[in-house]
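J.: Quick one: this structure, given as structure tokens, is what I'll be asking you about.
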Ligand code: IFM
């Protein structure tokens, strides 16, 4: 790597992130069915119809996995709790094995000197709640609040930080408008409602955790730099619409108590009645904001209903996901988030990384270059006064990349999905060296 810890302010934190369904092995330990299990079982949704039933078997191998986090000299482990593992029916009686698992997991982090950064929901909605309309049903805010209370009563006393929902855009737009993720809907009304309810659930969970006496609570959103594909007024307006419903909708809701006008143009007719009244909950104060960033998109106008836009292939080098490598976008979002939304609140890069065609023994230089380029932007914006306090890699190890199954490898650690053997990649070794503590 071209950086060391010493290039960052004292106390700056480096971490690695994962999520429950992507690594744990959902078939184990009494977890209930989720909408990802059935989405994956529906032909055409997921590459080779792969699911998270076994994944990395982290459920049994978490001790070794946390050794890897510690041995990379990382400070923070960002993980998520599976709603259906804790409450197999989404509501009602908890699964004692599930609660015990997260209890052991958090203790295992602390034993290794790692800070546990919890995300309550990273996408595997219990099927029983999906049956009731899932994120389209306003009641989900209350169900989510109850889940928050159950899991955090058990582990909240040892958590370093907590965020309710990973990437609200993915939970709503990607899953209800584009249909790429569970529940695979393509419906503007369902999308608008999911976008609003996900924020209502966020605020509700923040209030529940405050009530439990927890601190260091935040929100984690994902961002894609939206660039007009050409100089036309139409393309510029299309890129502004993309930016509004992707990048600004959720930040505006949480930090300003309103939604951007360009997003309301298409969404307002479909929002639930009385939606403005929910901002009192949605704006529940948070202590930090997390940004997940990977790429940019070139956007042009499209001749069809709102948002009337299309993506255009860009010229920059791409990762295995087909995503352009565009580190300037990370600097842009860190800077504008602080300037327009969060002020002096600490910011964290809660996810950044790339999928490569990597195999053990093969060069891992593209990932090293990707990390270097993005960390460099973090360093630059800190020098400009943006209060970035940490940088977390996606991901600790290769895992279930949702609709793309096990094909796309984001890990610092290679996983052989037959033997489940873990093998650190060159990027892992380089990071470990870069993060060596001087004393
Ligand atoms: O794997 C995902 C993760 O679940 C959420 N953020 C983006 C990652 C890469 O696509």
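Residue numbers (our numbering): 286 to 724.
Cβ coordinates follow ideal geometry from the N, Cα and C atoms, glycine included.
This structure is a prediction, so every number in the text was calculated from the model and none was measured.
Would the C-beta of residue 321 count as close to ligand 1, meaning under 7 Å from any of its heavy atoms?
T.: Within the chain shown, the letter at position 36 stands for residue 321. No, the beta carbon of residue 321 sits no closer than 7 Å to any heavy atom of ligand 1.
J.: What residues are listed by DSSP as bridge partners for residue 707?
T.: As a working note, residue 707 is residue 422 in the chain shown. DSSP output for residue 707 lists 700 as bridge partner(s).
J.: What are the start and end residues of the alpha helix (DSSP H) that includes residue 571?
T.: Here residue 571 is taken as the residue at index 286 of the chain shown, counted from 1. Here residue 571 belongs to no alpha helix (DSSP H), and DSSP marks it neither H nor E.
J.: Where are the alpha helix (DSSP H) runs, 4 residues long or more, that stay fully inside the segment 526 to 596, in chain order?
T.: Entirely contained in the segment 526 to 596, the alpha helix (DSSP H) runs reaching 4 residues are, in chain order, 534 to 541, 546 to 552 and 564 to 567.
J.: Tell me whether residue 686, by its Cβ, gets closer than 7 Å to a heavy atom of ligand 1.
T.: The residue you call residue 686 lines up with position 401 of the chain shown. Correct: residue 686 has its Cβ closer than 7 Å to ligand 1.
J.: What is the rounded straight-line gap between the Cα of residue 471 and the Cα of residue 484?
T.: Position 186 of the chain shown, counted from the start, is the residue given in the question as residue 471. Position 199 of the chain shown, counted from the start, is the residue given in the question as residue 484. About 20 Å.
J.: Could you check which residue in 347, 458, 596 and 692 has the C-alpha nearest to that of residue 336?
T.: In the chain shown, residue 336 corresponds to position 51, counting from 1. Considering only alpha carbons, the answer is 692.
J.: Give me the Cβ distance between residue 649 and residue 712, rounded to the nearest whole Å; I'm assuming they're in contact under 8 Å.
T.: Translated into the one-based positions of the chain shown, residue 649 becomes position 364. Translated into the one-based positions of the chain shown, residue 712 becomes position 427. The beta-carbon separation of residue 649 and residue 712, rounded to 5 Å, stays under the 8 Å limit for a contact.
J.: Can you grab the Cα-Cα spacing for the pair residue 593 / residue 375, in whole Å?
T.: Position 308 of the chain shown holds residue 593. Position 90 of the chain shown holds residue 375. Distance between the alpha carbons of residue 593 and residue 375: 36 Å.
J.: What does residue 679 pair with, by DSSP beta-bridge criteria?
T.: Locating residue 679 in the chain shown gives position 394, counting from the first residue. Residue 679 pairs with 302.
J.: Name the DSSP bridge partner or partners of residue 506?
T.: The residue given as residue 506 occupies position 221 in the chain shown. According to DSSP, which records beta bridges pairwise, residue 506 is partnered with 576.
J.: Please determine, among 706, 688, 620 and 695, the residue with the shortest C-alpha to C-alpha distance to residue 269.
T.: Any property of residue 269 remains undetermined from this structure, which presents the chain solely from 286 to 724.
J.: Looking at the secondary structure, which residues open and close the beta strand (DSSP E) in which residue 635 lies?
T.: Taking the first residue of the chain shown as 1, we reach residue 635 at position 350. Run containing residue 635: 632 to 636, per the beta strand (DSSP E) assignment.
J.: Check whether the segment 622 to 639 touches the segment 528 to 542, taking contact to mean three or more Cβ pairs, one atom from each stretch, closer than 8 Å.
T.: yes
J.: When the distance is taken between beta carbons, is residue 397 closer than 8 Å to residue 439?
T.: Here residue 439 is taken as the residue at index 154 of the chain shown, counted from 1. Here residue 397 is taken as the residue at index 112 of the chain shown, counted from 1. Not a contact, by the Cβ cut-off of 8 Å.
J.: Checking the sheet assignment: what are the DSSP bridge partners for residue 446?
T.: Position 161 of the chain shown holds residue 446. Per the DSSP secondary-structure output, residue 446 pairs in a beta bridge with 402.
J.: For a test of the three-state rule: what should DSSP assign to residue 600, helix, strand or coil?
T.: Your numbering for residue 600 matches position 315 in the chain shown. Coil.
J.: If I follow the unbroken beta strand (DSSP E) through residue 517, where does it start and stop?
T.: As a working mapping, residue 517 is identified with position 232 in the chain shown. Here residue 517 belongs to no beta strand (DSSP E), and DSSP marks it neither H nor E.
J.: Have a look at the DSSP bridge pairing and note the partners of residue 362.
T.: Within the chain shown, residue 362 is the residue found at index 77, counting from 1. Answer is 301 and 401.
J.: Using the Cα positions of residue 645 and residue 679, report the straight-line distance between them to the nearest angstrom.
T.: By 1-based counting over the chain shown, the position of residue 645 is 360. By 1-based counting over the chain shown, the position of residue 679 is 394. Spanning the two alpha carbons is a distance of roughly 18 Å.
J.: Is residue 460 near ligand 1, judged by its Cβ being under 7 Å from some heavy atom?
T.: Taking the first residue of the chain shown as position 1, residue 460 is located at position 175. Because no heavy atom of ligand 1 lies under 7 Å away, the Cβ of residue 460 does not count as near it: no.
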